[in-house]
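Residue 212 in full-length UniProt numbering sits at position 212 of the sequence shown, and the numbers go up by one each step.
The beta carbon of each residue, even a glycine, is placed where N, CA and C say it ideally should be.
Here the structure is a predicted model, which means the values were calculated and not measured.
Written out below as structure tokens is the structure these notes cover.
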Amino acid sequence: MVKIGNIELPDFPLLLAPMEDVSDPPFRALCKEQGADVVYTEFISSEGLIRDAAKSVMKLDIYEKERPVGIQIFGANLESMLQTIDIVEKSNPDIIDINFGCPVKKVVSKGAGAGILKDVCLMEQLTAEMVKRTNLPVTVKTRLGWDHDSIRIVEVAERLQDVGCAAISIHGRTRAQMYKGEADWKPIAEVKNNPRMHIPVFGNGDVDSPKRAMEMRDVYGLDGCMIGRATIGNPWFFKQVKHFFKTGEHLESVTLEERVEAARRHLQMAIDWKGETLGVFETRRHYTNYFKGIPNFKEYRMKMVTSDESKDVFDAFDEVLDAFSDYQFV
């Protein structure tokens, strides 16, 4: 059993990574149904929250069916982060996660996200003060370091644990790498194998198949994995990994009917949550993966990703069922 604070999780839990404009309530609900053990919100700006910015506040929406759910926040100003804790607690999450890993320039330029990897003392201070501010477990998501020459992740993880961090998720790239090259899981394993570490250590980065998830568990010995891009348009990934762990065999491919039904539900939940315009727009990125592999699909995909009216997108789903009824996914 793996525990985050008092939250009990199964052996080698699978976590849905926080992803901007992806891990919203509709998508989290689909992933939860398919076996995600913990889900995280999109990352939320501390400055946006304390200014009551509508987009930031909306990201605080969580639902009972998602639990355990973590709300992830980012920022570099201590007072703002502490105020954010007070705001976030009102949404009653199970976990508060701090983003010390986002590599995007607009975040890093403010010293937040992966930018804070340049100042480990501030990273430690922020974590310590946030732990003191709340009774909820505080976790951290970070990267190996700022660049290859400044990787101190074993020390960093130990210091964060010592000030009360309840679990740490580590992306196997530096900020300098962004999302390029291959994730290196060896330094994450070094964190796990540090005899002083006793909190869960989760790996992140390039878990794009059940076999890779098993490698992270059996070869690198980590406590669980946080999965991001492989789930976009593929909420079944969690179910596929768990089936592979249990049987050593790959689950049968998801049928066209199941894919259309998931896409339909996803779109409808998105509209119900954020309205027609945003619901239609922000669900588009999933369709390529929902229907990946179907030949001569461009006409239908273009309709899905360019239509501004949900009726047109729902019609496209029906057309796909008719046009590709005989197609078998492999």
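Strand pairing of residue i, partner residues [DSSP]
| i | result |
| --- | --- |
| Ser-325 | Paired residue(s): none; Ser-325 is not in a bridge. |
| His-72 | Position check: residue 72 holds Gln in this sequence, whereas His was assumed. Note: Gln-72 sits in a beta bridge opposite Asp-97. |
| Gly-203 | Ile-170, Cys-225 |
| Leu-14 | Cys-225 |
| Ile-153 | Ile-153 pairs with nothing; no bridge assigned. |
| Ile-4 | Ile-7 |
Nearest residue (CA-CA) to residue i, options the options
| i | options | result |
| --- | --- | --- |
| Asp-206 | Arg-173, Cys-102, Ala-54, Gly-248 | Arg-173 |
| Phe-330 | Arg-284, Leu-251, Phe-314 | A quick correction: the sequence has Val, not Phe, at residue 330. Among Arg-284, Leu-251, Phe-314, the Cα nearest to that of Val-330 is on Leu-251. |
| Ala-303 | Asp-223, Ile-294, Phe-317 | Per the sequence presented here, residue 303 reads as Lys, with Ala not at that position. Nearest C-alpha to Lys-303: Phe-317. |
| Ile-73 | Glu-66, Tyr-63, Leu-267, Val-107 | Val-107 |
| Glu-249 | Asp-119, Thr-283, Met-214 | Met-214 |
| Gly-221 | Arg-229, Thr-231, Phe-202 | Phe-202 |
| Asn-193 | Ala-157, His-171, Gly-181, Arg-212 | Ala-157 |
| Phe-297 | Asp-162, Asp-322, His-198, Phe-281 | Asp-322 |
| Leu-9 | Arg-196, Ala-36, Phe-291 | Ala-36 |
| Pro-18 | Arg-196, Ser-45, Glu-309, Ala-263 | Ser-45 |
| Ser-150 | Cys-102, Leu-49, Ala-128, Pro-187 | Pro-187 |
| Glu-66 | Arg-51, Asn-92, Val-254 | Asn-92 |
| Val-254 | Ile-62, Arg-51, Glu-64, Gln-328 | Gln-328 |
| Lys-269 | Asn-289, Lys-292, Ser-310 | Reading off the sequence, residue 269 comes out as Met, not Lys. Answer by Cα proximity: Ser-310. |
| Trp-185 | Arg-212, Ala-176, Lys-90 | Arg-212 |
| Ile-7 | Pro-68, Leu-49, Ser-56, Tyr-63 | Pro-68 |
| His-243 | Leu-256, Glu-276, Ser-209 | Ser-209 |
| Asp-308 | His-148, Ile-271, Asn-289 | Ile-271 |
| Asp-162 | Cys-121, Lys-274, Asp-11 | Cys-121 |
| Glu-64 | Arg-28, Glu-257, Pro-195 | Arg-28 |
| His-148 | Arg-175, Ala-128, Met-58, Asp-326 | Arg-175 |
Short CB-CB distance (under 8 Å) between residue i and chain D
| i | result |
| --- | --- |
| Phe-245 | In the structure shown, chain D does not exist; there is a single protein chain. |
Beta-carbon gap between residue i and residue j smaller than 8 Å
| i | j | result |
| --- | --- | --- |
| Met-75 | Ile-95 | Note on identity: in this sequence residue 75 is Gly, with Met being the wrong assignment. Going by C-beta atoms, Gly-75 is not nearer than 8 Å to Ile-95. |
| Leu-15 | Val-38 | yes |
| residue 332 | Val-313 | Since the first residue of the chain shown is 1 and the last is 330, residue 332 is not available in this structure. |
| His-286 | Gly-224 | no |
| Ile-98 | Leu-126 | yes |
| Pro-130 | Met-197 | Per the sequence shown, the amino acid found at residue 130 is Met instead of Pro. For Met-130 and Met-197, no; Cβs fall outside 8 Å. |
| Val-260 | Val-191 | no |
| residue 385 | Phe-245 | The shown model of the chain, from 1 to 330, leaves out residue 385, and the question about it has no answer. |
| Lys-118 | Trp-146 | yes |
| Glu-124 | Leu-78 | no |
| Thr-134 | Ile-85 | yes |
| Ala-112 | Arg-143 | no |
| Met-226 | Pro-103 | no |
| His-171 | Ala-183 | yes |
| Tyr-290 | Ala-263 | yes |
Exercise. For the region 159-172 against the region 126-146, are there 3 or more C-beta pairs whose distance is under 8 Å?
Worked result: Yes, since at least three Cβ pairs between the region 159-172 and the region 126-146 fall closer than 8 Å, the two stretches touch.
Exercise. What are the start and end residues of each continuous beta strand (DSSP E) run of 3 or more residues lying completely inside the region 224-296, in chain order?
Worked result: List check, beta strand (DSSP E) in window: 224-227.
Exercise. Which ranges does the beta strand (DSSP E) cover as unbroken runs of at least 3 residues, wholly within the region 102-150, from first to last along the chain?
Worked result: Qualifying beta strand (DSSP E) stretches, in chain order: 138-143.
For this session: Check whether the region 233-240 touches the region 13-33, taking contact to mean three or more Cβ pairs, one atom from each stretch, closer than 8 Å.
Result: Yes: at least three Cβ pairs fall under 8 Å.
Exercise. Enumerated in chain order, which unbroken segments of the alpha helix (DSSP H) with a length of 4 residues or greater are wholly contained in the region 29-64?
Worked result: For the region 29-64, whole alpha helix (DSSP H) runs of length 4 or above, ordered along the chain, are 46-50, 54-58.
For this session: Please determine if the region 11-26 and the region 264-283 are in contact, where contact requires at least 3 C-beta pairs separated by less than 8 Å.
Result: Of all C-beta pairs linking the region 11-26 to the region 264-283, three or more are shorter than 8 Å, placing the two stretches in contact.
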